[in-house]
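Protein chains in written order, with my numbering: chain A, 96 to 504; chain B, 96 to 504; chain C, 96 to 504; chain D, 96 to 504. The block underneath contains the structure these notes are about, expressed in structure tokens.
4 protein chains.
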Amino acid sequence: MLYDRLDREKVFRDPLYGYVKVYYKLIDELIDAKEFQRLRRVRQLAGLSMTFHTAEHSRFGHSLGAYEMARRVIENAEGIKDVLSEYEQIVFLCAALLHDTGHGPYSHAFEAVMKYESHEEMTVRVILEDTEIHSILDRYDKNLASDVANVIAHKGKFTIIEQLTSSQLDVDRMDYLQRDSYFTGALYGTIDSDRIIRSMKIVNDEVTYRASGAPAIESYLMARYHMYNQIYYHPVARSYELLLQSIFLRIKDLNDKGIHIDGYVSDFIDAITTHNLKSYLFLDDAYVNGFIKQLTRSSDPILNDLCNRLLNRKLYQVIDLKLEADQKKIERIRSKYASDPILLRYYFEESKLSQIAYRHTDDLDKVDTIKILLPSGKTISLEKYSPIVGGLIEDAKNTFSRIYFGKGE
Amino acid sequence: MLYDRLDREKVFRDPLYGYVKVYYKLIDELIDAKEFQRLRRVRQLAGLSMTFHTAEHSRFGHSLGAYEMARRVIENAEGIKDVLSEYEQIVFLCAALLHDTGHGPYSHAFEAVMKYESHEEMTVRVILEDTEIHSILDRYDKNLASDVANVIAHKGKFTIIEQLTSSQLDVDRMDYLQRDSYFTGALYGTIDSDRIIRSMKIVNDEVTYRASGAPAIESYLMARYHMYNQIYYHPVARSYELLLQSIFLRIKDLNDKGIHIDGYVSDFIDAITTHNLKSYLFLDDAYVNGFIKQLTRSSDPILNDLCNRLLNRKLYQVIDLKLEADQKKIERIRSKYASDPILLRYYFEESKLSQIAYRHTDDLDKVDTIKILLPSGKTISLEKYSPIVGGLIEDAKNTFSRIYFGKGE
Amino acid sequence: MLYDRLDREKVFRDPLYGYVKVYYKLIDELIDAKEFQRLRRVRQLAGLSMTFHTAEHSRFGHSLGAYEMARRVIENAEGIKDVLSEYEQIVFLCAALLHDTGHGPYSHAFEAVMKYESHEEMTVRVILEDTEIHSILDRYDKNLASDVANVIAHKGKFTIIEQLTSSQLDVDRMDYLQRDSYFTGALYGTIDSDRIIRSMKIVNDEVTYRASGAPAIESYLMARYHMYNQIYYHPVARSYELLLQSIFLRIKDLNDKGIHIDGYVSDFIDAITTHNLKSYLFLDDAYVNGFIKQLTRSSDPILNDLCNRLLNRKLYQVIDLKLEADQKKIERIRSKYASDPILLRYYFEESKLSQIAYRHTDDLDKVDTIKILLPSGKTISLEKYSPIVGGLIEDAKNTFSRIYFGKGE
Amino acid sequence: MLYDRLDREKVFRDPLYGYVKVYYKLIDELIDAKEFQRLRRVRQLAGLSMTFHTAEHSRFGHSLGAYEMARRVIENAEGIKDVLSEYEQIVFLCAALLHDTGHGPYSHAFEAVMKYESHEEMTVRVILEDTEIHSILDRYDKNLASDVANVIAHKGKFTIIEQLTSSQLDVDRMDYLQRDSYFTGALYGTIDSDRIIRSMKIVNDEVTYRASGAPAIESYLMARYHMYNQIYYHPVARSYELLLQSIFLRIKDLNDKGIHIDGYVSDFIDAITTHNLKSYLFLDDAYVNGFIKQLTRSSDPILNDLCNRLLNRKLYQVIDLKLEADQKKIERIRSKYASDPILLRYYFEESKLSQIAYRHTDDLDKVDTIKILLPSGKTISLEKYSPIVGGLIEDAKNTFSRIYFGKGE
């Protein structure tokens, strides 16, 4: 039953790939599961649409896209069917499809108050606990849920699948770089995922890329560089996210102190305190947008101020430390905010480069694992092969260093 | 003050046009008005994203796009600054920007229960009644609100602006054909609005197009043909819309009979009964999605069934009368549904071609008003000039003839 | 041996298709044959580069492109491998690759003086007579040359291959519409050959297209319409071609009268008088350009004038009979040129629409042979299926009616 | 008269820019000059079309393209009209248009036997000596020819124009990178020249680029990197060029020794020995192709062999020294060829990286002159501003190190 196919292949029209193709019954059912359909109501780029107004696409499309990338890897990467059994291929497809089901609304801000659980951990729970997704997986094969969860959690049981699902060059990134570029209208850094995939070859149980695919990978790295510089790290977008994060934090702080919050936030509180999965999965963008609107009338002056700022887009100011010449000004701001706990907690952020880089890119220093297969059969690292990658890595380290502050100098 | 400009031009990044450019202070303020910002929460293609999953773009982007098209017409159409004063140019820009502010969520379904007011009429009210938009317009110039409303309502005071805002070839259509194609991923029928605009020339107070622009206009008409065939009239999309319409209708019917509805629908009821503008503008996609979710537990069996169908996507069946050979089957269905008032009201639709064509395209028979300016200075109609347009018009008449039915044959 | 494959697939980078792929040894040898390499020196669009300066691409690229289209048909059209044996597939690939080897330089002008042999007939001779191409075909299989020639000559032995090679929708047209559009920079009418090919299905030994491919075919027909209107029938391009034709004609006339021509034209004379294949294949663009340069100093005043006009681009005037209002002027020109045999023969052309349409499109009235396969399994003609095709056909009939004249009114 | 404009703007359709626009009468006349028309017969990428079969575009298109880039710089770069008078603008347009008129056929191979004159020097002669181009320039303004020649020769009289015409980022490179990519079908490294140009601002008589244009410039540098790696330095292309160079060299050597050459090479000999301009300008691709064909029957065994190799594409073998592990093999080849003067002169090349880099890119170490204008008004070098440029520069230094050899190991 696990390998049952639909009578007729099902397709989803997609502007990036033409079609997303589904032929396993299992995949079809997973897409219809309510936890997966919920992704239609969670925007991929959270508040970034306040800066890039067309970035209104949901995680639903991205999840289908990551699945489609995985499907194409299975179809086109040389030798992959020799190392992955059909069962493992299905594990791969499921992992790609479901990898973001644990995302909350406005995810990065959300994680800041969830502390001890990341969205990956929530995804693992969606797969293992009492959900429609879990029961579907379970019905098809008793091992499937735990195997898919293993991949998401990087347990090392399926190393090739883990590498293809989450590394420096994986089906997740290949989709989101293309998709976010398409929907924001970012001009630079389109990538050619088909060519990357066609250049893949599994050699000695390792994913390698033929030298002919190297330019496509270089372009992918450039695309990534551009997307981070121009879109993901856009100062206004980060400023907006920071405001959201402060709202979440204030709600949490008030609740921790036992202060009643005059808005419809019970599921949110429940989710961040008990980490109850049902509550968590009840949350979506509409839910958060809803309580923020209510809290513009909150009796807590800080919450009231933060929510009004968000709706009226009175964002924090930002200074790029690299470009700002006036060192005294910077010191003045730092000491002003350091001296007041409220300002410091809700109205200030100094993002040191390495922090930001870490949060978004995870493991830039493992980029060397991209292996180029030479015509001779020898393998060398992309860094050795490609003269420009060294520069990209070296320089990507010190990208941004900024101060955000919400209450003047 | 009306002509005041921003100190620095403001731009919105747009995947279709590169940038949407704003330099009048007035326009900047209108975009920030809450009735305009509400368009961020109303999807351009309503439920079509259930069929084309990436069609999640909002009317906000389309409205900016129509404004940008208008701005480019003013910049590039030869002779336009001779016939439109700066005041009239501003009327044009405002009309283009605001033309969709009267749209409700899931607009086509909505209009079916609003009966005596169309979204154009609601737009006129947004401009003339007590709104932020109105007070902004009024503050800049006492005549502005009524002049912009005049254009929207086709009162004939500004004929050139009306033609450019709403005709067979206007800034509204030029934007939405491009935008909807981009976000659905429709393959055919991209249009070259820049070339169309650059070929415009105002001659004797009439909008004409130089012959060199004719191929671009032919492509625009082809694009329209393809978008209607493949996207807007997609049977599943229409089936989804029909279900929404039946839900709205059932709520209305229950309310008319004084039956209490067990969901959060008061603003909706208020909007469709009293046509109160505040209530109407409170509605957005999230509001509607919210009450539909609640009503899946409604005690009214019909409402309960309809809402559950929508969430579980158990759509109505559809038969294309042109392609179906079995006439008896068709008759059998027709008489089954005709014999039961409930089935007929909530579970059945026979869309005669002309109706659908009318509803979406309005005035196909006025296509002859597109005037081609020959090198000789003479003007002829596009139909005469372009050998293929005749075919397009003739054949566009009888596109679709379908039966939708929700309770089996 | 016929089915021998290269040790490693060979690819030609192509801007339109990514790659042209060759795996049969036979095809590789044919590409290297000198008669095929000669196509590098014959421009696809002859003198059109005088009007569209980037249209400098050769018939070599087009021939590889037609081959690649054929290859993709074999790979992707459903059911084709059931009706074509591997031998027949090779016949198809050869026919697509070689179909233009009989083209002379500036082919249309050339055919005007070759009278009783078209370029298709010359292609048949290249395949059957003593050439490198012939000996390669012969070496691989004794029947191959005559079978390929049969396809080119439409002898009816391989009807499916003939249809795919030369009909209203064939690998030749699919390539040249895309290629000529790409290299001229024509804006409209890009076509999606991959989608057309993927929609092909062989049913009952006939080529049909699934309904899902119909929009791609409609776009293909639009592309064709635009390319003829804007590029191939460009009045200046035709005027240039006409001048070339007059030069060829004058050389022929002088030679017929036994008058010595003071330029290096012996191979040309030999080719058009004896139709000797070696002489014919010696001709290429450089050869013709060479003698025209020499003949700008010819002692024959007509030849001298014609060649100088060509180099100095003093082209004939042109009047579009549809757009010209002054009927008397038209009559005046007609009678002036009719009254002088020299003017009439070398300096005048009245192209009646049907003639031109015939020469370039061949068989517009067979367009009905494009068959659409409905989901039900029934087949209907594209004309019946697609509402706009009727218009295209009807109107394409009376496209252009022009007078060209070289010596004033 | 110098500033006279055409009654109606003239346009050349171009796939890259839409249109190339001409409005000065002077420019129109220069395009019609026979030395400029000759560029239609000299391919932009010489023998590269043997490797990339669609790279058949001529220097004519590139020259128009460079002119169009210059025209757009004048239209769009902020402040340029304040620093360049209309006279200087015309000097700029002429320099951009004419900068390649001195190119011989198969230019790089040609320069190898022209030794003491580069194609830039020949361009200066075309502008200053007795040519149609010179007499047109002279007729419009007595200083024009020498001023345009000054720019080409980098005499320092018009520094801004020189920088815009020939530097690390100039109208010449902006056109050819785009054009060569388009016509070869290279996949990576498309550039956005419009955005680069729109970001230009002339500050204190220097060309700077606003920070918003930096990503476009980074992409331009990536494009350049890719074009050199994948196209211009393609080993087969270089191998082909090397063969041509050996043919030219052999002809020169034979002539130096007074040995008669049995082919039509007198103009060629004249050009490379006397550097006579008329002879030089008589040469074009057809001329060279012609004598090579003849010399396949040469009685000189070396010339005979080289020409036959070229026509039959029996190119030299190539070893990439970086990738080749077998050092002994390399030494064996080096010593074999070093020991035989004939082999060494005609059948061997060891290209050290720096040499090649120099020949094609000229002045990579001046890349720091690209100046980024910060919002603050301060200017910093692109290297400082853009983290990845350092990597590009550093690594571009040691690109290729190859041995080509024609007579086995």
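Glycine is no exception: its CB is placed at the ideal position from the N, C-alpha and C atoms. What you are looking at is a predicted structure, and each value in this text was computed from that prediction instead of being measured.
Below 7 angstroms on C-beta distance, what does residue i contact in chain C?
i      : result
B/L264 : Neighbours of B/L264 on chain C: none; closest Cβ ~16 angstroms, over 7 angstroms.
Closest to residue i by C-alpha separation, out of the options, would be which residue?
i      : options                           : result
C/G142 : C/D236, C/D127 and C/H203         : C/H203
D/V168 : D/I475, D/Y119 and D/R293         : D/R293
D/E206 : D/L239, D/E478, D/L337 and D/I387 : D/L337
C/E181 : C/L418, C/Y119 and C/V221         : C/Y119
A/I483 : A/C189, A/V117, A/H214 and A/I312 : A/I312
C/L405 : C/R333, C/F187 and C/A248         : C/R333
A/V394 : A/T146, A/G503, A/G358 and A/M322 : In the sequence as displayed, the identity of residue 394 of chain A is Ser instead of Val. With distances taken between Cα atoms, A/S394 lies closest to A/G358.
B/L111 : B/E130, B/N299, B/I286 and B/V298 : B/I286
D/E257 : D/G503, D/N403, D/I467 and D/A190 : D/A190
Work out the CA separation of residue j and residue i for me, nearest whole Å.
i      : j      : result
D/S144 : A/Y327 : 42 angstroms
A/Y375 : A/K409 : 29 angstroms
A/T456 : B/Y277 : Any reading at A/T456 is ruled out, since the residue's pLDDT is 36, under 50, leaving its predicted position unreliable.
C/G174 : C/T254 : 16 angstroms
B/V462 : B/S476 : Bear in mind that the predicted position of B/V462 carries a pLDDT of just 39, short of 50, making it too unreliable to give a figure here.
D/V219 : D/K105 : 27 angstroms
C/Y315 : A/D236 : 48 angstroms
C/L101 : C/I185 : 15 angstroms
D/P436 : A/E163 : 60 angstroms
A/T368 : B/H214 : 45 angstroms
D/V246 : A/K479 : 41 angstroms
A/R103 : B/V115 : 43 angstroms
List, in order along the chain, the chain C residues whose C-beta lies closer than 9 angstroms to that of residue i?
i      : result
B/D287 : L282 and Y283
B/P436 : Within chain C, no residue comes near B/P436; the closest Cβ sits about 34 angstroms away, beyond 9 angstroms.
Can you have a look at residue i and say buried or exposed, based on whether 16 or more other CB atoms are within 10 angstroms of its CB?
i      : result
C/H148 : buried
B/H355 : exposed
B/K347 : buried
D/D225 : exposed
D/G308 : buried
C/S230 : exposed
B/A420 : exposed
D/L121 : buried
C/D380 : buried
B/Y304 : buried
Which partner residues does residue i have in the DSSP bridge list?
i      : result
C/R108 : C/Y114
D/L468 : D/R305 and D/T474
B/R293 : Partner(s): none; B/R293 has no beta bridge.
C/S334 : Paired residues: none, contrary to the question.
Can you pull the chain D neighbours of residue i, defined as C-beta to C-beta under 8 angstroms?
i      : result
C/D156 : Sequence check: residue 156 of chain C is Gly here, not Asp. Near C/G156 (Cβ distances below 8 angstroms), the residues of chain D are H148, T149 and E151.
Anything in chain B within Cβ reach of residue i, meaning under 8 angstroms, just list it in chain order.
i      : result
A/D109 : H148, T149 and G280
Interface residues of chain A around residue i at Cβ under 9 angstroms?
i      : result
D/S496 : Those within 9 angstroms of D/S496 in chain A number zero; the least Cβ separation is about 13 angstroms.
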